[in-house]
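There are 2 protein chains.
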Amino acid sequence: MRFSATVSVRLRGGIADPEGATIERALSALGIDAVHNVRAGRSFLFEVEASSLEEATSIAEDLAGRLLANPVMEDHDVKVEAK
Amino acid sequence: MRFSATVSVRLRGGIADPEGATIERALSALGIDAVHNVRAGRSFLFEVEASSLEEATSIAEDLAGRLLANPVMEDHDVKVEAK
């Protein structure tokens, strides 16, 4: 079976995020003042071939922790669903 | 009320994604062969101050379409939930 996986990676809470801060400063120029605490990160979408949702989640977690995120500086979360 | 919003931005389907292709090539070196069609993108997490979920979603959609994504080359999706 094919599953669709999304991995979001972003800097851990205590680490300065200049991209997020820049976006936040740009908001007032657009007239948007209801948005706060912007954090920028990366996202990855891929397909996993596995026999169950558990197996697909475990493959996606493994990939996220070993290749997509730097565990020293970054948090990641993984969402897997059947296609 | 405060809502938590996540915006994922990625290149449209027909547009070459060299970062995703590079990740896909790196997978075999890690012994992961069940993963295909990797697409790389960006994600943004922020808080929205609004009186309802509908208003928060509309603010997040506006921000995504005007500042975070380039509608010519990129697709985006928005998820908003109460904190």
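Those sequence lines, one after another, are chains P and A.
Offset between the first sequence (1-based) and the working numbering: plus 258.
Offset between the second sequence (1-based) and the working numbering: plus 258.
We put the beta carbon where it would ideally sit given N, CA and C, even for glycine.
Going by alpha carbons, who is nearest to residue i out of the options?
i              : options                           : result
E277 (chain A) : P:R283, P:F302 and P:R324         : P:F302
F304 (chain A) : A:K337, A:L288 and A:L285         : A:K337
H294 (chain P) : A:N328, A:T280, A:R300 and A:L321 : A:L321
E329 (chain A) : A:S262, A:R260, A:F261 and A:S266 : It should be pointed out that residue 329 (chain A) corresponds to Pro in this sequence rather than to Glu. Nearest of A:S262, A:R260, A:F261 and A:S266 to P329 (chain A), Cα basis: A:S266.
S310 (chain A) : A:E332, A:A340 and A:M331         : A:A340
L288 (chain P) : A:A284, A:G323, A:D333 and A:I281 : A:G323
L269 (chain P) : P:V296, P:E319 and P:E312         : P:V296
Along chain A, in chain order, which residues have C-beta atoms closer than 7 Å to that of residue i?
i              : result
N295 (chain P) : F304 and E305
A274 (chain P) : Those within 7 Å of A274 (chain P) in chain A number zero; the least Cβ separation is about 15 Å.
Mind checking residue i: buried by the 16 CB within 10 Å criterion, or exposed?
i              : result
I273 (chain A) : exposed
G299 (chain A) : buried
T264 (chain A) : buried
A308 (chain A) : buried
Just the chain P side, please: which residues come within less than 9 Å of residue i by C-beta, in chain order?
i              : result
D320 (chain A) : L288 and I290
At a CB-CB cut-off below 8 Å, which residues of chain P make contact with residue i?
i              : result
R270 (chain A) : Chain P residues near R270 (chain A): none, gap ~12 Å exceeds 8 Å.
Please state whether the Cβ-Cβ distance between residue i and residue j is less than 8 Å.
i              : j              : result
G261 (chain P) : A314 (chain P) : One point to set straight first is that residue 261 (chain P) is Phe, not Gly, in the sequence displayed. For F261 (chain P) and A314 (chain P), yes; Cβs fall inside 8 Å.
L325 (chain P) : I281 (chain A) : yes
V306 (chain P) : A292 (chain A) : yes
Output, in chain order, the set of chain A residues within a Cβ distance shorter than 8 Å of residue i.
i              : result
R324 (chain P) : L288
R300 (chain P) : A298, G299, R300 and S301
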